[in-house]
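Engineer: Dropping the structure in here first, questions after.
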Amino acid sequence: MNNKWIASLSGLLFGAGLLLSGMAEPVKVIGFLDLKGLLDGSWDPSLMLVMAGALSVYIPVFHLYVKPRVKPRACANSTHSSGPVCDSQYHLPEVKKPDGQLIFGAGIFGLGWGIAGICPGPALVNLGSLDISLGLFMISMITGLYIGKLSQNYLGTQAQA
Numbered sequence: 001m002n003n004k005w006i007a008s009l010s011g012l013l014f015g016a017g018l019l020l021s022g023m024a025e026p027v028k029v030i031g032f033l034d035l036k037g038l039l040d041g042s043w044d045p046s047l048m049l050v051m052a053g054a055l056s057v058y059i060p061v062f063h064l065y066v067k068p069r070v071k072p073r074a075c076a077n078s079t080h081s082s083g084p085v086c087d088s089q090y091h092l093p094e095v096k097k098p099d100g101q102l103i104f105g106a107g108i109f110g111l112g113w114g115i116a117g118i119c120p121g122p123a124l125v126n127l128g129s130l131d132i133s134l135g136l137f138m139i140s141m142i143t144g145l146y147i148g149k150l151s152q153n154y155l156g157t158q159a160q161a
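Residue numbers (full-length UniProt numbering): 1 to 161.
Now the structure itself:
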């Protein structure tokens, strides 16, 4: 099957899952992140349940299909060819331990997610609603990605100097 079809099917499944589970709605995410709701009973645990459902499907797929492809030597009798389905190689992180850049970036991501109540996946899914605020969110996110890349390049050249 063509990689573009596999990627399209994966995106379609992801988007449909977000919509069907209600996770494309910022109010659901904010209801989960608002921990003071634990005190008055208004906390919404559905995001946690969606993640648990996704993990219950993905963990067996990872162990049976993905992991043997990442480490083919560990599964010498495996019939799987090495490599991912939609690329020529796996792109694994080079840094194995959390560093300042990861912690800072995760903090900024979490701050944006908490303020907006939406992250990139649901924002893309919701673009079809033609909501101007989602368009502004996407433009801001792309600008943030660009600034992040510029700062990575700057920090990389400073480290080499």
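Beta carbons are placed, not taken as given, at the ideal position from N, Cα and C, and that holds for glycine. Source: prediction; values computed, not measured.
To the nearest angstrom, how far is the alpha carbon of G105 from that of W113?
Structural biologist: Going by the C-alpha atoms only, they are around 12 Å apart.
Engineer: Can you give me the start and stop residues for the alpha helix (DSSP H) that A16 sits inside?
Structural biologist: Per DSSP, A16 belongs to the alpha helix (DSSP H) from N3 to S21.
Engineer: With DSSP as the reference, label P98 as helix, strand or coil.
Structural biologist: Of the three classes helix, strand and coil, the one that applies to P98 here is coil, per DSSP.
Engineer: Is the distance from the Cβ of L13 to the Cβ of K28 below 9 Å?
Structural biologist: No, Cβ-Cβ distance for L13 and K28 is not below 9 Å.
Engineer: DSSP three-state call for P84: helix, strand or coil?
Structural biologist: Residue state, collapsed to three classes: coil.
Engineer: If you drop the 5 nearest sequence neighbours on each side, which residues of the same chain put their C-beta closer than 6 Å to that of G117?
Structural biologist: So the qualifying residues of the chain are P26, V29 and I30.
Engineer: In terms of residue numbering, what span does the alpha helix (DSSP H) encompassing A52 cover?
Structural biologist: S46 to V61 is the extent of the alpha helix (DSSP H) around A52.
Engineer: How far does the alpha helix (DSSP H) with L33 in it extend, from its first residue to its last?
Structural biologist: Per DSSP, L33 belongs to the alpha helix (DSSP H) from P26 to L33.
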